[in-house]
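First comes the structure, then the notes that go with it.
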Amino acid sequence: MRGTTADLDTAVRELARPVSYPVGTSPDRPDGPPKTKGEFAYSSDLWAQDMLWGRALRSPHPYARIRSLDIAAALAQPGVHAVLTHEDVPGRKTYGLLIPDQPVLAHDVVRFQGEPVALVAADHPETARRALDLIKVDYEPLEPVTDPEVSIAGTAPPLHPEGNIVAQLHIRHGDVAAASERADVTVTGTYELGMQDQAFLGPESGLALPSQDGGVELFIATQWLHADREQMAASLGLSPEKVRLTSAGIGGAFGGREDLSIQIHACLLALHTGRPIKMSYGREESFFGHVHRHPGRLEYEHGATRDGILTHVKARVVLDGGAYASTSREVIVVAATTAAGPYAVDHAEIDAYSTYTNNPPCGAMRGFGAVQSCFGYESQMDKLAAALDMDPVELRRRNVLPTGGKTPTGQVVDVPVPVRELLDQLEAMPLPPAENPDEERMRPGGVANTTHGEGVRRGVGYAVGFKNIGFSSGADDYSTARVRLSVSRGELTAEVHTAGLEVGQGLVVVQAQIARTELGVDHVLVLPADTQIGNAGSSSASRQSWLTGGAVQTTCAAVAAEVLERTAQRLGVNTDRCRLDAGQIVTAAGDFVASMVDIVADEPIELIREYHARKTTPLDANGQGDPHWAFAFAAHRAVVDVDVELGLVRVIELAVAQDVGKALNPKALEGQIEGGSAQGLGLALMEEIQVEDGCVRNPSFTDYLVPTILDVPPMRLAILELPTPHGPYGLNGAGEPPTISSTPAVVAAVRAATGMPLPRVPVRPTDIVEASLLT
Amino acid sequence: MEFLQPSDWQDALAAKAAFPDAVPVRGGTDVMVEMNFDRGRPAALLDLSHVKELGEWGRDDTDDTCVRIGAGVTYTRVLRELGTTVPGLAQAARTVGSPQIRNRGTIGGNLGAASPAGDCHPVLLAADAVYEVESAARGVRRIGADEFYLGPKRNSLDADELIRAIVVRATDTGQQFAKIGTRNAMVIAACSFAVAINREVRSVRTGIGSAGPTPLRAPEAETYLTDMMTQGELWEGGRLPDADVLKRFGDLVAGAARPIDDVRATAAYRRHSLRVMARRTATWALRQSC
Ligand SMILES: Cc1cc2nc3c(=O)[nH]c(=O)nc-3n(C[C@H](O)[C@H](O)[C@H](O)COP(=O)(O)OP(=O)(O)OC[C@H]3O[C@@H](n4cnc5c(N)ncnc54)[C@H](O)[C@@H]3O)c2cc1C
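Chains as they are written, first to last, in my numbering: chain A, 40 to 814; chain B, 4 to 293.
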């Protein structure tokens, strides 16, 4: 079998040269060369002898009753080995990351366009596809609920037993009524965000193999093995030990793989047929097969004194979760708790809702609620600055949340809030030349020859963003590592095993760097992530370097202590102040004590440890509590040229300042910052799943546009390393922050160029062109 | 599925005559996408990628002011080799897809697909191109670009015919092509516009893309600008009409479009952007052709 992280792992082994790559260096990614050469084995390349192809039949309607389902013709088709419906789900008929409300296969009703209704296994993908056409489903289409306000009002029929609100939060902080009396200036605004997609390049895919004990093995590109396993075991009616998962070559995730896609389906088919089952979505199916970023509507009121000190913030945040809960309950917590921005706001009233509708389900995507709130509060900060006739950067500086200050939930922020430093860095960077360089690729419209300078105006915009790191609201957020130090063929080898998933962010390399740093060993083997080891939590929420990194560090430190202990016993020396360095046990002064090979050769050392984040608490009825265990910050400056007549935009430069605590792998970090910023740019200017009456109008890369290399400008990065007090090596989470402030910065720049209010992203050409010209 | 792979043009024509249902494929950048999405399962594929003649271009035998460009010439080659012979087509080629698509996609394929959004059409309409098609039974037929497009993704090829070449007057000035998309590369036109202005023969021609069921011309706009150039004695000496004439030209182009609202743009925005593109491109074309 090909395509598992074993490939990655082999590459890590090759990488282990005598030169050590500790934390703070940038060893090459093992998957880099094969990916650039087109040789990397993705999960869609998995193959097994005798395997069958699985496919799902999906609902064409956003909301319909299923009157009947007839699979006879499909089943009779030569080459078809199984056709399964909800009746064939042996265990729990529903699944869900936090709330199991989503049918494995629809029964009675379908609640979104693309909801899986039946499964087919056949000996050829084309046979499977054609068999789907032979399944007869008699639908009675129902009027879809598509407006989240209707869901909140409760005037539509309930789509789920608890009604059409997934979660609501009402944060009451200080005395807003009294504070608003002190406001010299008040600005209000309503902001909207369209539905963004993760648009990962490797569609959902995996291979399920029935095992001899009646269990099943799944090789899969995913984000969280243990959460997958728990949901799978429940629906498959198996004990968790009988469901074994191993990570397979992944082509991006960005939150879109946190919910299940093919997992239960492929295993159902494998268990039913007794054959390996391969499932692999095409691009169009992928658009229906994973959750998207919540579209949002945010209403704000900000008040300030004449000298620009915030008096109060009122916000109403509505995020539409679509047909099923997914992570809507948690996303709304992040949106609500970040809704006032990284600013000192002593008086706040924040009402936040996530809703059920018949729109496509929405869940995790990079930024997880903080993207939506940031577009709201940063748009408001600019509006407020304009009302005060104050420089928008200066207004932000005056309101930075101090260390020791409280967020609207009453949580004391006990870490640095480097907003001023980030803004200073950005302002200190030179601006690109004011004249558009005579390079047509840098013009709005690119090479499409729409302007030779006519109608082009320059704009500059700033934005700051922040987000919590990791899981919130009282969850025990942790990861697990096993480290084995041994000597094989005379060479000292450290084996690192976690369930932390590589999703492209570089976790494999970072784990190896940490092990080298802690153990002074060059030869590090990072084993494929699987469910043979304890939970690592999800590769999301910017948490893996911190938590799985922390688990590897903790475990390595315990192994190192064991080495010293054993050295002390064997040699009868005091090793209290000794350390491990390049294969040796040395004194504090660096003098040789013993060779690690000699100490470890006859008996390997193997330990498992967990690393837990600080405790958090859920919010109470007034939205008060300490829901977050860490915060991270970034800021952007965007420079754009806009063809105001045609409404086309070219981002000329994007500058990013981010505090990362400590850059474990600077090159990988830069990749995260550039990629995240590009994703934010995409939301600002083009990325939107267009939904009409519950149906997706653009489920393809022909019309769901992500930025190309000609849309993403050169970026200037300022990476701050202000040690985070309780982070391993002082690090902070870094994956999400660059996505958050990028969007409002780009929009602020477009507003500056055009003078248009632009309350909605993505900004469309018709939002820029004067309305009177569009009749 | 039958797979036919003729090695030269005569074989290709014979194969098409024998299998009129066969779908020709050259670059495959349209055909393979359709097949992947299961929109139509052709009974046979007629692979033209080995037909060398289709990849050639040169002076036209019957009119040496014209070039004859094989239907199988790719966008990359148009860009590299024809930039000063059919500049508008090279501009259009530049905006097509990505480098990979430009390496495989061909002009003939664009005509075969006849999508109203195809980037070659507005330029070829404006440049007054003629399409050379051929069948084994009836030999060569030359179809004016104006007559070629019948409806969305429908052209006037007969079942036994293949597209051999396009024939177009060689010029290094006076052509402009512009295309609107919501990103700066790799985008299907939300709408597009081409203009070809020839001061020598005193003609103005236009082409509109993605703003009607077929690629269109704007005859009133052409006549108006031609008349104003003549009345104002502007044809010679590189002179330009007044701004309001160019503006009116833009309005007439917009008026000729028959756009709809769809996922890529609204009808109103399509009209508006045509107005702007027409004004701007005509200005550039007139400045260029002195
Ligand atoms: C990612 C992507 C981006 C794209 N971007 C653009 C774009 O920006 N602008 C644009 O205009 N198009 C674009 N296209 C569409 C496509 O690339 C073009 O239409 C291209 O010109 C097709 O050429 P081809 O040789 O690949 O055609 P094929 O796919 O081989 O054929 C296309 C059609 O023409 C017929 N055909 C081909 N050759 C002949 C012949 N000699 N005689 C008769 N019929 C023939 C075929 O039967 C078929 O109907 C894009 C496509 C993709 C996949």
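Glycine included, C-beta positions come from ideal geometry on N, C-alpha and C.
All values reported here derive from a predicted model rather than from experimental measurement.
Query	Result
Residues in the region 96-108 of chain B having any Cβ partner in chain A nearer than 8 Å	97, 98 and 101
Closer than 7 Å: residue 113 of chain B CB and nearest ligand 1 heavy atom	yes
Residue 237 of chain B Cβ short of 7 Å to ligand 1 heavy atom set	no
7 Å Cβ cut-off: residues of chain B touching residue 742 of chain A	266 and 267
Continuous alpha helix (DSSP H) stretch holding residue 164 of chain A: start and end	164-173
First and last residue of the uninterrupted beta strand (DSSP E) at residue 183 of chain B	178-183
Element boundaries [alpha helix (DSSP H), containing residue 333 of chain A]	Segment: none, residue 333 of chain A is in no alpha helix (DSSP H) and carries neither H nor E.
Test: residue 493 of chain A CB closer than 8 Å to a CB of chain B	yes
heavy atom of ligand 1 below 7 Å from residue 97 of chain B C-beta	no
Cross-chain neighbours of residue 184 of chain B in chain A, by beta carbon under 9 Å	484, 485, 487, 687 and 744
Short CB-CB distance (under 8 Å) between residue 113 of chain B and chain A	no
Neighbour list for residue 684 of chain A in chain B, Cβ cutoff strictly below 8 Å	279
Burial state of residue 100 of chain A (16 or more Cβ within 10 Å)	buried
Contact test: residue 27 of chain B Cβ vs ligand 1 heavy atom, cutoff 7 Å	yes
Cβ-heavy atom distance, residue 33 of chain B to ligand 1, below 7 Å	yes
Residue 321 of chain A: CB within 7 Å of a non-hydrogen atom of ligand 1	no
Completely contained alpha helix (DSSP H) runs for the region 91-144 of chain A, where each covers 4 or more residues	111-115
Distance between residue 646 of chain A and residue 17 of chain A (C-alpha atoms, nearest Å)	Nothing in the structure corresponds to residue 17 of chain A, since chain A is present only between 40 and 814.
Residues from the region 708-727 of chain A in contact with chain B, defined by Cβ distance under 7 Å	725
4 or more residues per run - each alpha helix (DSSP H) lying fully within the region 126-153 of chain B	148-151
Cβ contact check for the region 479-490 of chain A and the region 692-706 of chain A: 3 or more pairs under 8 Å	no
Residue nearest to residue 257 of chain B in terms of C-alpha spacing, selected from B/117, B/224 and B/80	B/224
Residue 286 of chain B versus residue 243 of chain B - alpha carbon distance	8 Å
Beta-bridge pairing of residue 358 of chain A - partner residues as DSSP gives them	A/335 and A/393
Stretch pair the region 71-78 of chain B + the region 91-107 of chain B: three plus CB contacts closer than 8 Å	yes
Cβ contact check for the region 183-193 of chain B and the region 45-55 of chain B: 3 or more pairs under 8 Å	no
Residues that residue 676 of chain A bridges to, as DSSP identifies them	A/501 and A/694
Proximity test, residue 380 of chain A beta-carbon vs ligand 1 heavy atom, cut-off 7 Å	no
Pairwise C-alpha distance: residue 130 of chain B and residue 71 of chain B	13 Å
Pick from A/535, A/577 and A/567 that is closest to residue 560 of chain A, judged by C-alpha positions	A/535
Residues within the region 228-252 of chain B neighbouring chain A, beta-carbon criterion of under 7 Å	none
Residue 291 of chain B: contacting residues in chain A (beta-carbon distance under 7 Å)	Per Cβ cutoff of 7 Å: no residues; residue 291 of chain B is ~11 Å from chain A at best.
C-beta neighbour in chain B for residue 782 of chain A, strict 8 Å	no
Interface flag, residue 808 of chain A vs chain B, CB-CB below 8 Å	yes
At least three beta-carbon pairs within less than 8 Å, the region 350-370 of chain A to the region 432-445 of chain A	no
Counted within 10 angstroms of its Cβ, other Cβ atoms place residue 240 of chain A as buried (16 or more) or exposed	exposed
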